[in-house]
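Everything in the sequence shown is counted per full-length UniProt numbering, starting at 1 for the first residue and increasing by one. Below is one structure, written out as structure tokens; comments come after it.
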Amino acid sequence: MKATIIFLLLAQVSWAGPFQQRGLFDFMLEDEASGIGPDDRVWALMCPFRCQCHLRVVQCSDLGLEKVPMDLPPDTTLLDLQNNKITEIKDGDFKNLKNLHTLILVNNKINKISPGAFTPLVKLERLYLSKNHLKELPEKMPKTLQELRAHENEISKVRKSVFNGLNHMIVIELGTNPLKSSGIENGAFQGMKRLSYIRIADTNINTIPQGLPSSLTELHLDGNKITKVDAASLKGMNNLAKLGLSFNSISTVDNATLANIPHLRELHLDNNKLIRVPGGLAEHKFIQVVSLHNNNISEVGENDFCPRRYNTKRASYSGVSLFSNPLRYWDIPPTTFRCVYVSSAIQLGNYK
Ligand SMILES: *[C@@H]1O[C@H](CO)[C@@H](O)[C@H](O)[C@H]1NC(C)=O
Ligand SMILES: *[C@@H]1O[C@H](CO)[C@@H](O)[C@H](O)[C@H]1NC(C)=O
1 MKATIIFLLL
11 AQVSWAGPFQ
21 QRGLFDFMLE
31 DEASGIGPDD
41 RVWALMCPFR
51 CQCHLRVVQC
61 SDLGLEKVPM
71 DLPPDTTLLD
81 LQNNKITEIK
91 DGDFKNLKNL
101 HTLILVNNKI
111 NKISPGAFTP
121 LVKLERLYLS
131 KNHLKELPEK
141 MPKTLQELRA
151 HENEISKVRK
161 SVFNGLNHMI
171 VIELGTNPLK
181 SSGIENGAFQ
191 GMKRLSYIRI
201 ADTNINTIPQ
211 GLPSSLTELH
221 LDGNKITKVD
231 AASLKGMNNL
241 AKLGLSFNSI
251 STVDNATLAN
261 IPHLRELHLD
271 NNKLIRVPGG
281 LAEHKFIQVV
291 SLHNNNISEV
301 GENDFCPRRY
311 NTKRASYSGV
321 SLFSNPLRYW
331 DIPPTTFRCV
341 YVSSAIQLGN
351 YK
């Protein structure tokens with residue numbers, strides 16, 4: 001028992017500074033009396049200088065580090081290196097980290113990742129690379145990856161080969177990059193059969209990416225330069241529930257668009273250049289939220305939102321915004337919102 005207490009004190013010292021006394025430590029290991037297994041003790045004492053290590057989590061954020069610390073404890077499951085000054089990720093930086101599931105490299109100065117750097121990470125699920133200087137996504141990411149976040153980089157190209165074989169991917173975040181539509185290879189995301197969420201907001205793309213997987217439930221493309229919603233790019237997307245296209249330059253939405261996304265619940269088209277309400281809303285069964293404010297819609301027809309026949313079953317709208325359009329709202333036929341049962345769901349507002 002006494003040995004255990006001394007050990008814990010020593011462990012504290014080693015977290016605060018470089019002090020390590022392996023000989024004494026080995027001796028301590030022979031004491032099995034405490035609840036902490038010998039593996040945990042070895043692990044804690046392998047903590048890199050100035051980092052904090054606890055329960056297989058290695059925390060090295062905000063330390064001004066210019067490179068990945070050497071000799072990271074094997075069996076680390078989460079490694080946090082955010083808010084440092086790391087410029088390069090080299091082969092071997094993560095060797096031995098075969099149990100790592102989360103790697104956080106957010107807010108560094110990374111402009112280069114060696115092709116083999118992530119190879120040892122055979123269990124990696126989450127890779128956070130946002131706020132760096134990457135020009136391209138790394139090749140050879142672990143096949144186990146589920147979530148990739150790389151917003152606020154300098155990425156101008158997304159190659160199909162980057163996502164080859166990443167069959168477990170669920171979330172991709174690529175917002176705020178100097179991406180153009182021509183920089184995204186056709187079908188780049190297509191192979192990922194479990195992909196549920198893509199966000200490519202605040203870039204320079206001017207079309208909806210082609211060949212999106214039908215597993216997507218959320219597609220966020222706000223703040224781009226998209227001018228048209230073409231139905232073909234959304235064909236077969238039976239799982240899509242949220243589509244974000246706010247703050248683009250969209251003036252037309254193909255009539256077949258909504259028919260191609262039959263389970264959509266939210267459609268965000270505010271802050272665009274629409275001159276009419278998109279077609280197909282009345283026939284759609286599930287759509288509940290439609291934001292159309294800040295457009296150039298000057299007319300709303302009686303059958304734009306609600307089915308012609310009362311007995312057609314559809315989910316009720318919970319939010320429709322039409323304010324800041326050149327609409328004389330007193331001219332909207334009173335029956336236009338006959339399928340809306342909560343009057344607060346409709347925001348018309350005054351046009352100034
Ligand atoms: C789309 O639908 C609207 C309203 O029903 C119709 O006026 C228009 O001609 C249609 N456009 C095309 C290209 O079919
Ligand atoms: C709004 O639409 C009208 C046609 O309905 C067009 O003449 C006008 O230029 C549009 N305004 C803007 C700001 O796009």
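Note that beta-carbon positions come from the ideal geometry of N, C-alpha and C, so glycine has one too. All values reported here derive from a predicted model rather than from experimental measurement.
query: Relative to the C-alpha of residue 230, which residue among 263, 161, 250 is closest?
result: Comparing alpha carbon positions, the residue from 263, 161, 250 closest to residue 230 is 250.
field: Secondary structure of residue 80, DSSP reduced to three states
entry: DSSP places residue 80 in the strand class (E or B) of the three-state scheme.
- prompt: Ends of the beta strand (DSSP E) at residue 103?
  reply: Per DSSP, residue 103 belongs to the beta strand (DSSP E) from 102-104.
query: Would you say residue 247 and residue 222 are within 8 Å of each other, going by their C-beta atoms?
result: Yes, they are a contact pair.
CA nearest to the CA of residue 76, picked from 60, 84, 99, 68: Of the candidates 60, 84, 99, 68, the one whose C-alpha sits nearest the C-alpha of residue 76 is 99.
query: Rounded to a whole number of angstroms, what is the C-alpha to C-alpha distance between residue 255 and residue 307?
result: Their backbone Cα atoms lie some 16 Å apart in a straight line.
message: Between the alpha carbons of residue 113 and residue 194, how many angstroms are there, rounded?
response: About 26 Å.
- prompt: Less than 7 Å between the CB of residue 298 and some heavy atom of ligand 2, yes or no?
  reply: For residue 298, the shortest C-beta to heavy atom distance toward ligand 2 is below 7 Å.
Coarse secondary structure for residue 317, derived from DSSP in three states: Under the three-state reduction of DSSP, residue 317 is assigned to coil, being neither helix nor strand.
- prompt: Nearest to residue 107 by alpha carbon, out of 53, 52, 149?
  reply: Among 53, 52, 149, the Cα nearest to that of residue 107 is on 149.
message: Would you call the stretch 169-181 in contact with the stretch 196-206, where contact means no fewer than 3 C-beta pairs closer than 8 Å?
response: Yes, the stretch 169-181 is in contact with the stretch 196-206.
message: Can you look up residue 128 in the DSSP assignment and give me helix, strand or coil?
response: Correct three-state label for residue 128: strand.
field: residue 267 - containing beta strand (DSSP E), residue span
entry: Note, residue 267: beta strand (DSSP E), 266-268.
- prompt: Taking C-alpha atoms, which residue in 206, 170, 192 lies nearest to residue 182?
  reply: Measuring from the Cα of residue 182, the nearest candidate turns out to be 206.
- prompt: How long is the line joining the alpha carbons of residue 52 and residue 96, rounded to whole angstroms?
  reply: The straight-line gap from Cα to Cα measures roughly 19 Å.
- prompt: If you follow the beta strand (DSSP E) that residue 148 is part of, which residue opens it and which one closes it?
  reply: Note, residue 148: beta strand (DSSP E), 147-149.
task: Evaluate residue 54 with the Cβ neighbour count: other Cβ atoms within 10 Å of its Cβ, from every protein chain shown; 16 or more gives buried, anything less gives exposed.
output: Around the beta carbon of residue 54, fewer than 16 other beta carbons sit within 10 angstroms, so the residue counts as exposed.
query: Quick one, are the C-beta atoms of residue 269 and residue 297 less than 8 Å apart?
result: Residue 297 sits away from residue 269, with the two beta carbons spaced by 8 Å or more.
- prompt: In its own chain, which residues sit with a C-beta less than 6 Å from the C-beta of residue 339, not counting the 5 before and 5 after it?
  reply: Take residue 339, set aside five residues on each side of it, and the residues of its chain with a beta-carbon closer than 6 Å to its own are 306, in chain order.
query: To which residues of the same chain is residue 407 closer than 8 Å at the C-beta, ignoring the five residues directly before and after it?
result: No answer is possible for residue 407: it lies beyond the span of the chain, which begins at 1 and ends at 352.
- request: Please report how far the alpha carbon of residue 290 lies from the alpha carbon of residue 342, in whole angstroms.
  value: Residue 290 and residue 342 have their alpha carbons spaced roughly 15 Å apart.
task: Measuring alpha carbon to alpha carbon, tell me which of 325, 282, 70, 263 ends up nearest residue 273.
output: That would be 325, whose Cα lies nearest to the Cα of residue 273.
- request: Compute the minimum distance between the beta carbon of residue 226 and the heavy atoms of ligand 2, and state whether it is under 7 Å.
  value: Not under cutoff, so the answer is no.
For residue 197, three-class secondary structure by DSSP: For residue 197, the secondary structure class from DSSP, reduced to helix, strand or coil, is strand.
query: With residue 136 and residue 155 assumed to form a contact (beta carbons below 8 Å), what rounded beta-carbon distance in angstroms separates them?
result: At roughly 6 Å, the Cβ-Cβ gap stays under 8 Å, so residue 136 and residue 155 are in contact.
field: Proximity below 8 Å, CB of residue 144 to CB of residue 109
entry: Cβ atoms of residue 144 and residue 109: not closer than 8 Å.
query: When DSSP labels each residue in this structure, what does residue 160 get in the three-state scheme?
result: Secondary structure at residue 160: helix, using DSSP grouped into helix, strand and coil.
field: Local Cβ density within 10 Å of residue 68, reported as buried at 16 or more and exposed below that
entry: Buried, because 16 or more other Cβ atoms sit within 10 Å of the Cβ of residue 68.
field: DSSP-derived helix/strand/coil call for residue 291
entry: Looking at residue 291 - three-state DSSP - the assignment turns out to be strand.
query: What is the residue span of the beta strand (DSSP E) that residue 219 lies within?
result: Segment 218-220, the beta strand (DSSP E) holding residue 219.
Counted within 10 angstroms of its Cβ, other Cβ atoms place residue 203 as buried (16 or more) or exposed: Here residue 203 is buried. Its C-beta has 16 or more other C-beta atoms within 10 Å.
message: Any heavy atom of ligand 2 inside 7 Å of the beta-carbon of residue 275?
response: Flag set: Cβ of residue 275 near ligand 2.
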